[in-house]
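S.K.:
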Amino acid sequence: MSRLTGAGEQRGAEVIDEHGDTVPLPVIPSASDAEEPLDHLSESYADGPQRPPFPPILKKVALGVAVCLVAGAGYAGLQRIANAPADPNGVAAHQPSQSSPSTPDQAQAGVQRAVAGEAVLQKMTDAVENEDRTEFLNTIDPKATAFRASARTIFGNLSMLPLGTFQLRYVSDDSAALTPDRQAELGGTQSWLAQVEVSWQLSGYDVKPARETLPVTFVTRDGKTYAASFSERFAAGQRRPVWALGPIALAKGKHSLVISLDSESEARSYVSVADKAVESVTKVWGKGWRQKVVVYLPAKQTQMEGVLGAQPNTYTQIAAVTMAELDTPALGAPVRIVANPKLFQELGKQGRRIVLTHETTHVASTATASPVPLWLAEGFADYVAFTAVPVQDESAAKELFKAVRAGKVPSTLPTPEAFAASATELPQAYESAWLACRLIAEREGQDKLVRFYRAVHASKTSAGLPDAFKSVLGMTEAEFVAEWQKYLERLAGA
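In terms of the numbering used here, the sequence shown is residues 1257 to 1750.
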């Protein structure tokens, strides 16, 4: 994360500054800005811990707010998503589990359900692969009117995506999950809830398939089994595929795929800024990554929460989140930048560039599966973002400078706790991290900063950080902190 953006596992998203400040942040113009039409820029900046409660966000969010957002941003990784509270529309207390049959008859019934359910899923998979809408709809319960409408949308969405692979796999079921009233409503000879693993790979963007668990309701009537719902009894932290949340629109750029739940024009408006973010990150990080990003643009807050498996209103102060779309942390996992629709729209041209560049840095550096400390992940992402869109120090580090001038110079580099949602000095943590990374770049050169980050990232032991200080920077962490403290005092004029 960074003051404008966020990155990585357990590192939430950008948030607005403590006083709801929307004073425009002075920006140092760059030559490329004049070439970019305003409607082609996207705004994003979020991942990472939230700040303490804030006053209502003002309608007009200027770059100053974007900087504050970056300061409180981070990246939401796999653990954060896995631990997210349940969907309020689902049954929060229910955790999917496989029944443990106690008799041969129960075991046999479980096998029969699994066989019947897997057959339906295989027909669905084949229909998607063969682009056969009729066959796909034949797997849907004729009496599930609302779900049939959703199924048409889901099939249309999947047909639009550049799918390299798509698979549905029956994992387990819970014969007691559906209430008697729900079973009576479904009718048929039997009905049950199963957990289904769904995986899909976006060709040209993903190294590995995205993977989530979907609750699927099955019903058997007249000797045939159908799917009757994809949204019953979501468990805590259970995410929803973007293609199951409503009609999508796609826009492709040279380096980006933007998937919007709003409109095609909305998707197109973010392609230019997403492409530019990739180019800005590559200038610093190098070409040794896929140089592709996938951006999700929800139309409303609840859709963002559905994609993230998050509790309602968790991300109201977060402009965007970088997440790995996989159930377990792993290198090569598909990474998505998920926007907060309200804040993305309110951020200005420069703010959008900063946020999306920050988030793209997390994608390039595989922050969702990295051992780098939070201060380095967030500080580096901010460094890259502010290199792409330079801003004045006084505006970008105002909370930190205020503290330094009051004699409160940080005694250590920001700890993981400093980036927690409840941290009282969260803005200073992001600002401190950014300036620590900038000091390395100024002292040793930008290439050395990248080498330092890569060295810590590649480490397999807890000694990675101190080893990198010594081998790359030629100093101990304590020596660096002493120099950094003097740097902060000089910048703040203390």
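We put the CB at the ideal spot given by N, CA and C, even for glycine.
Predicted, not measured: the structure shown is a model, and the values here were computed from it.
Can you check which of these residues, M1579, E1468, F1486 and Y1743, is closest to T1622 by C-alpha distance?
M.R.: As a position in the sequence shown, residue 1622 is number 366, starting the count at 1. Among M1579, E1468, F1486 and Y1743, the Cα nearest to that of T1622 is on M1579.
S.K.: For N1413, is the classification buried or exposed, using 16 other Cβ atoms within 10 angstroms of its Cβ as the cut-off for buried?
M.R.: Translated into the one-based positions of the sequence shown, residue 1413 becomes position 157. Buried, since its Cβ has 16 or more Cβ neighbours within 10 Å.
S.K.: Would you mind sorting K1654 into buried or exposed? The rule is 16 or more other CB atoms within 10 Å of its CB.
M.R.: In the sequence shown, residue 1654 corresponds to position 398, counting from 1. Buried, because 16 or more other Cβ atoms sit within 10 Å of the Cβ of K1654.
S.K.: For R1746, which option in D1361, L1721, P1568 and E1650 has the closest C-alpha, if you only look at C-alpha atoms?
M.R.: Taking the sequence shown and counting its residues from 1, the one referred to as residue 1746 is at position 490. Nearest C-alpha to R1746: E1650.
S.K.: Where are the beta strand (DSSP E) runs, 3 residues long or more, that stay fully inside the stretch 1400-1424, in chain order?
M.R.: none
S.K.: Would you kindly work out how many angstroms separate the C-alpha atoms of G1730 and E1698, rounded to a whole number?
M.R.: Along the sequence shown, one-based indexing puts residue 1730 at 474. Along the sequence shown, one-based indexing puts residue 1698 at 442. Those two C-alpha atoms are separated by around 15 Å.
S.K.: Using DSSP's beta-bridge definition, name the partner residues of M1560.
M.R.: Locating residue 1560 in the sequence shown gives position 304, where the first residue counts as 1. M1560 pairs with nothing; no bridge assigned.
S.K.: Determine the burial state of A1530: buried for a count of at least 16 other Cβ atoms within 10 Å of its Cβ, exposed for fewer.
M.R.: Reading the sequence shown from its first residue, position 274 is the one you call residue 1530. Per the 10 Å Cβ criterion, buried.
S.K.: If you follow the beta strand (DSSP E) that I1515 is part of, which residue opens it and which one closes it?
M.R.: Here residue 1515 corresponds to residue number 259 of the sequence shown, with the count starting at 1. Looking at the DSSP string, the run of the beta strand (DSSP E) that includes I1515 is S1512 to S1516.
S.K.: What number of angstroms, rounded off, separates the C-alpha of S1528 from the C-alpha of A1633?
M.R.: By 1-based counting over the sequence shown, the position of residue 1528 is 272. By 1-based counting over the sequence shown, the position of residue 1633 is 377. Between S1528 and A1633, the C-alpha separation is close to 25 Å.
S.K.: From N1386 to L1513, what distance separates their C-alpha atoms?
M.R.: The residue labelled residue 1386 in the question sits at position 130 within the sequence shown. The residue labelled residue 1513 in the question sits at position 257 within the sequence shown. The straight-line gap from Cα to Cα measures roughly 23 Å.
S.K.: Quick check: the Cα distance between A1748 and R1707, rounded to an integer number of angstroms?
M.R.: Sequence index remark: in the sequence shown, residue 1748 carries index 492 (1-based). Sequence index remark: in the sequence shown, residue 1707 carries index 451 (1-based). Going by the C-alpha atoms only, they are around 28 Å apart.
S.K.: Cutting at 8 Å between CB atoms, please list the residues of its own chain near E1535, excluding the five before and the five after it.
M.R.: Here residue 1535 is taken as the residue at index 279 of the sequence shown, counted from 1. Cβ neighbours of E1535 beyond the five flanking positions: H1511.
S.K.: Assuming contact is defined by CB atoms lying nearer than 8 Å, are Y1461 and K1532 in contact in what I supplied?
M.R.: To locate residue 1461, count along the sequence shown from 1; it is residue 205. To locate residue 1532, count along the sequence shown from 1; it is residue 276. No, these two residues do not count as a Cβ contact at 8 Å.
S.K.: Using only the alpha-carbon positions, how far apart do L1744 and F1736 sit?
M.R.: In the sequence shown, residue 1744 corresponds to position 488, counting from 1. In the sequence shown, residue 1736 corresponds to position 480, counting from 1. Each residue's Cα considered, the two are about 12 Å apart.
S.K.: What separation, rounded to the nearest whole angstrom, lies between the Cα atoms of Q1559 and V1427?
M.R.: Along the sequence shown, one-based indexing puts residue 1559 at 303. Along the sequence shown, one-based indexing puts residue 1427 at 171. About 25 Å.
S.K.: I need the DSSP call for A1302, collapsed to helix, strand or coil.
M.R.: Within the sequence shown, numbered from 1, the residue matching residue 1302 stands at position 46. Confidence in A1302 is poor, its pLDDT being 35 and thus under 50, which makes the residue's placement too unreliable to answer from.
S.K.: Of all the CB atoms in chain C, is at least one closer than 8 Å to the CB of F1422?
M.R.: Judged by its chain identifiers, the structure shown contains no chain C, having just a single protein chain.
S.K.: Mind pulling the alpha helix (DSSP H) runs of 4 or more residues that sit fully within the stretch 1592-1617?
M.R.: 1597-1602
S.K.: I'd like to know if the stretch 1634-1645 and the stretch 1600-1610 are in contact, where contact means that at least 3 CB-CB pairs between them fall below 8 Å.
M.R.: yes
S.K.: By DSSP's criteria, R1495 is part of a beta bridge. Which residues make up the other side?
M.R.: What you label residue 1495 is simply residue 239 of the sequence shown in a count that begins at 1. Answer is none; R1495 lacks a bridge partner.
S.K.: If you compare alpha carbons, which of A1589, E1488 and V1619 is closest to P1456?
M.R.: Residue mapping note: residue 1456 aligns to position 200 of the sequence shown, counting from 1. The sequence shown places Trp at residue 1456, not Pro. Taking only the C-alpha atoms, the option nearest W1456 is A1589.
S.K.: Which residues in the same chain have their Cβ closer than 6 Å to the Cβ of D1397, if we skip the five residues on either side of it in sequence?
M.R.: Residue mapping note: residue 1397 aligns to position 141 of the sequence shown, counting from 1. If we look at D1397 and ignore the five residues flanking it on each side, its Cβ neighbours are V1475, Y1482 and A1484.
S.K.: Taking just the CA atoms, how far does S1715 sit from P1627?
M.R.: Mapped onto the sequence shown, residue 1627 falls at position 371. Mapped onto the sequence shown, residue 1715 falls at position 459. Cα to Cα, P1627 sits roughly 8 Å from S1715.
S.K.: Please classify K1726: does DSSP put it in a helix, a strand, or coil?
M.R.: Within the sequence shown, numbered from 1, the residue matching residue 1726 stands at position 470. In the structure shown, K1726 falls within a helical segment according to DSSP collapsed to helix, strand and coil.
S.K.: Using only the alpha-carbon positions, how far apart do S1727 and V1551 sit?
M.R.: As a first step, residue 1727 must be located in the sequence shown, where it is residue number 471. As a first step, residue 1551 must be located in the sequence shown, where it is residue number 295. Taking the straight line joining both Cα atoms gives about 37 Å.
S.K.: Look at the alpha carbon of Q1439 and the alpha carbon of L1470, and state the distance between them as a whole number of angstroms.
M.R.: As a working mapping, residue 1439 is identified with position 183 in the sequence shown. As a working mapping, residue 1470 is identified with position 214 in the sequence shown. Taking the straight line from one Cα to the other gives about 19 Å.
S.K.: In chain order, what residues of the same chain lie with their CB nearer than 8 Å to the CB of D1388, ignoring the 5 residues before and after it?
M.R.: Working through the sequence shown from its first residue, we reach residue 1388 at position 132. Excluding positions up to five away in sequence, the list reads D1382.
S.K.: Quick check on D1432: does DSSP put it in helix, strand or coil?
M.R.: The residue labelled residue 1432 in the question sits at position 176 within the sequence shown. Looking at the sequence itself, residue 1432 is Ala, so the reference to Asp does not match. Reduced to three states, the DSSP call for A1432 is coil.
S.K.: Am I right that A1768 and E1687 are in contact with their C-beta atoms under 8 Å? What's the rounded C-beta distance?
M.R.: One cannot answer for residue 1768 here, as it falls past the ends of the chain, which runs 1257 to 1750.
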